[in-house]
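Heads up: the structure comes next, in structure tokens.
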Amino acid sequence: METTSSTNEHTGRGTMWELERNLDQPMDAEAGRLRNMYREKTYPTLVLLQLAFQSLGVVFGDLGTSPLYVFYNIFPREIEDTEQVIGALSLIIYSLTLIPLVKYVFIVLRANDNGQGGTFALYSLLCRHAKINTIPNQHRTDEDLTTYSRHIYDEKSLAAKIKRWLEGHQFRKNAILILVLFGTCMAVGDGILTPAISVLSATGGIQVEEPKMRNDVVVIVSVVILIGLFSMQHFGTDKVSWLFAPIVFVWYILIGILGAVNISKYDQSVLKAFNPIYVYRYFKRGKTSWASLGGIMLSITGTEALFADLSYFPVQAIQIAFTVVVFPCLLLQYTGQAAYIAQNRSSVVHAFYYSLPDSVRWPSFIVATAAAVVASQATISMTYSIIKQALALGCFPRVRIIHTSKKYLGQIYSPDINWILLIFCIAVTAGFKNQSQIANAYGTAVIMVMLVTTFLMVPIMLLVWRSHWSLVVLFTALSLVVEIPYFSAVVRKIDQGGWVPLVFAVAFLIIMYIWHYGTLKRYEFEMHSKVSMAWILGLGPSLGLVRVPGMGLVYTELASGVPHIFSHFITNLPAIHSTLVFVCVKYLPVYTVPPDERFLVKRIGPKNFHMFRCVARYGYKDIHKKDDDFEQMLFNSLMLFVRLESMMEEYTDSDEYSTRELNQVQSPNHTGNSQAMSSGQTYQTVGDEIAFLNACREAGVVHILGNTIIRARRDSGFLKKFAINYMYAFLRKICRENSVIFNVPHESLLNVGQVFYV
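Right, here's the structure in full:
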């Protein structure tokens, strides 16, 4: 401190300037380290190949099981001639090339958010580059996070104009949110339908060996497998993933070899399908060809899961696995299956199993069933991840989230969602009983998600990548040229099962939007009715009450200001704790907030008021684990703030500092230890306050939760009353409380309620 003071006398600069200089230099180095950790991590070639192998089990199971049911859904009736089979095969080949390979593997995967994929990851990227978040709870300090990467645009650039256009009207923000929620709901529908169709198609192979077996038996076997699959989810994918990659690898090698054998054995003329002219000839056949697009589209199902499950593996590993193993094996299998069908047009129902040699039929059935289970696991895990992201961004009721792996942050499990998925899967499997209607439903969900991704990629390419507009137009045009015909085909089959994912999507969309609307209204009420600082100061250090020993943690939605619930609290109780900390837990549009940057601390009012604000920031992948002592971490951050404050006494207390900044400023000579510091006034002040805070904590910590209940006004319309007074109230009642999420002991909990009319 003496050296700093001497420097200040000569330079005329204050201690704050010196402090900022000390903070900035290490922060730059730390930011570089964290950027490398989250965004630019490179792997040795051998490790990358190992990760590529492992990605087969988690990411590509769904794509790999599509050959079990594609041709049956393309040709549910009779096949006219071999050229019709070649035309369908040509469409499959170029669909696999343009959508999974070109669009997703080499373009969309690059639009990841620090290694995270899916619809909400795209939305988070947009929220960082344009202020389109409908809940305005962000602060300028959030942009200083090392994981909060964004660009600054030239005012005259196209990106800046689009940014201003998106931010210019609340309607546009809501439109983007609804688009994201719709895509998310369709992805959840995908998570319901994938296990149903994959397992039912795999177990259907029993009827090849036992033709007299009734379809009801196949359905029962499928339901039993589904129950077993969902019952194992609480173990987590980390504990069973060592089985996944070998199973799927064996499956891909098997279908690739069998495809090559069938090409040479049955009809090599199907190789003409690699000529795109057969796509044109196929469409010239008329309406039946157009209607069959719904079945052809099933060959690319699982592509969106490939993007959503990106968090498990680096982009390069997925690109290697797809181009080296998945893509060539799928081409061989579809071509070989087409060769068999060209010679055996009446055996299209279970063409995959019928095309197998008798000696490998049962082993193939076992591997196919195992691969179907793995494919289901990938989409189930994707659903957990999507729900967690929606929950973090205030778009889904709080449900229980369990972290199942100590090594991988993204591996989670939600018991509530798990059993809901199981019930819906059984209902779909037992209700439809056949692949065709489930396939129509499945196709509708998949194409909807793909279209949402295409539309979201437009602002991503312009704002995040700053691509030239011509490239954006080219990408959008090529994507829509493929996806719009598929969309038109599945729309025609809405009455044949395609309505199922729409019903799921509408139901989940209503739940998500009502929850988001209620959350937004609660936040707006907190913002507009927060207590003024003048009123707090007018109460004096005692706040007009008896200050009793102890520490009160007041939870609020606000990241700044004193919540209205506090005035309600102190006007109804005769005493208040000697130290008060207003705690705001908020989620940011980033993948994760490093633990050493999690807490922002600020003092409210003069020191003798003993009031603080602490903002705990989380990313959409961060989880409150049971072994995390939230109270201890918060208290440590508070102590560090008090010590830091002693170094900047002559300056304002308007700045907030994160835990990482506090740790960087800390040195062995500034720890509050009486042996390390002088015995002057600074030590006495800091020492006294730290001793006081320790005594408060030892006296007891009480967690005070504000429970703001919103109700619709009497003059509101029927829909608003139903949404707020019944739907939102019901969701609030069944969702988990914050006290449970933060593991607050029941004896330390105090709920304070108030009613607000919107």
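At position 241 of the sequence shown (counting the first as 1) the number is 241 in UniProt numbering, and the numbers step up by one without a gap. Ideal Cβ placement from N, Cα and C applies to all residues, glycine included. Because the structure is a prediction, the values reported are computed rather than measured.
{"Item": "Residue 643: first and last residue of the uninterrupted alpha helix (DSSP H) it sits in", "Value": "630 to 645"}
{"Item": "Beta-carbon proximity of residue 296 to residue 66, cut-off 8 angstroms", "Value": "no"}
{"Item": "Residue 528, buried or exposed, once every other Cβ within 10 Å from all chains shown has been counted against 16", "Value": "exposed"}
{"Item": "For residue 502 and residue 444, believed in contact at Cβ under 8 angstroms, the rounded distance", "Value": "7 angstroms"}
{"Item": "Beta bridge counterpart(s) of residue 412 as assigned by DSSP", "Value": "403"}
{"Item": "Whole alpha helix (DSSP H) elements within the region 190 to 260, 4-residue minimum", "Value": "206 to 209, 215 to 231"}
{"Item": "Which listed residue (437, 442, 388, 430) has its alpha carbon closest to that of residue 416", "Value": "388"}
{"Item": "Beta strand (DSSP E) segment containing residue 586, residue limits", "Value": "575 to 587"}
{"Item": "Rounded Cβ spacing between residue 760 and residue 146 (contact assumed at less than 8 angstroms)", "Value": "Residue 760 lies beyond the residue range present for the chain, which begins at 1 and ends at 758; the question has no answer from this structure."}
{"Item": "Whole-angstrom C-beta distance between residue 592 and residue 622, which should lie under 8 angstroms", "Value": "5 angstroms"}
{"Item": "Integer Cβ distance of residue 58 from residue 244, believed to fall under 8 angstroms", "Value": "6 angstroms"}
{"Item": "Residue 745, DSSP secondary structure in three states", "Value": "coil"}
{"Item": "Per-residue DSSP class, three states only, for residue 27", "Value": "Its pLDDT being 33, under 50, residue 27 is placed unreliably by the model, and nothing is read from it."}
{"Item": "Stretch pair the region 474 to 489 + the region 283 to 293: three plus CB contacts closer than 8 angstroms", "Value": "yes"}
{"Item": "Contact test: residue 218 Cβ vs the ligand GDP heavy atom, cutoff 7 angstroms", "Value": "The ligand GDP is absent from the structure shown, which contains no ligands of any kind."}
{"Item": "Cβ contact check for the region 565 to 578 and the region 505 to 522: 3 or more pairs under 8 angstroms", "Value": "no"}
{"Item": "Buried or exposed (CB count within 10 angstroms, at least 16 for buried), residue 598", "Value": "buried"}
{"Item": "Length-filtered (3 minimum) beta strand (DSSP E) runs lying within the region 531 to 563", "Value": "546 to 556"}
{"Item": "Expected contact under 8 angstroms - CB spacing of residue 72 and residue 349 to nearest Å", "Value": "5 angstroms"}
{"Item": "8 angstroms Cβ cutoff met for residue 428 and residue 190", "Value": "no"}
{"Item": "Opening and closing residue of the beta strand (DSSP E) in which residue 118 lies", "Value": "Unbroken run through residue 118: none, as it is neither H nor E."}
{"Item": "Test item: CB-CB of residue 585 and residue 634 under 8 angstroms", "Value": "no"}
{"Item": "Same chain, Cβ closer than 8 angstroms to residue 663, neighbours up to 5 away in sequence not counted", "Value": "With a pLDDT of 48 at residue 663, under the threshold of 50, the predicted position of this residue should be treated as unreliable, though the coordinate-derived value follows. Excluding residues within five positions, the ones whose Cβ falls inside 8 angstroms are 596, 640."}
{"Item": "Rounded straight-line distance, which links the Cα of residue 249 to that of residue 482", "Value": "29 angstroms"}
{"Item": "Within 8 angstroms, strictly: CB atoms of residue 368 and residue 60", "Value": "no"}
{"Item": "C-alpha gap between residue 755 and residue 188, whole angstroms", "Value": "34 angstroms"}
{"Item": "Residue 508 to residue 698 span [Cα, whole Å]", "Value": "46 angstroms"}
{"Item": "Counted within 10 angstroms of its Cβ, other Cβ atoms place residue 632 as buried (16 or more) or exposed", "Value": "exposed"}
{"Item": "Nearest to residue 323 (by Cα), restricted to the options 603, 725, 106, 608", "Value": "106"}
{"Item": "C-alpha distance - residue 562 paired with residue 642, whole-angstrom precision", "Value": "20 angstroms"}
{"Item": "Pairwise C-alpha distance: residue 543 and residue 536", "Value": "7 angstroms"}
{"Item": "Buried or exposed by the 16-neighbour rule on C-beta atoms within 10 Å, applied to residue 532", "Value": "exposed"}
{"Item": "Exposure of residue 280, with buried meaning 16 or more beta-carbon neighbours within 10 Å", "Value": "exposed"}
{"Item": "C-beta atoms of residue 620 and residue 306 nearer than 8 angstroms", "Value": "no"}
{"Item": "DSSP three-state assignment for residue 370, whether helix, strand or coil", "Value": "helix"}
{"Item": "Rounded distance between the beta-carbons of residue 259 and residue 332, thought under 8 angstroms", "Value": "4 angstroms"}
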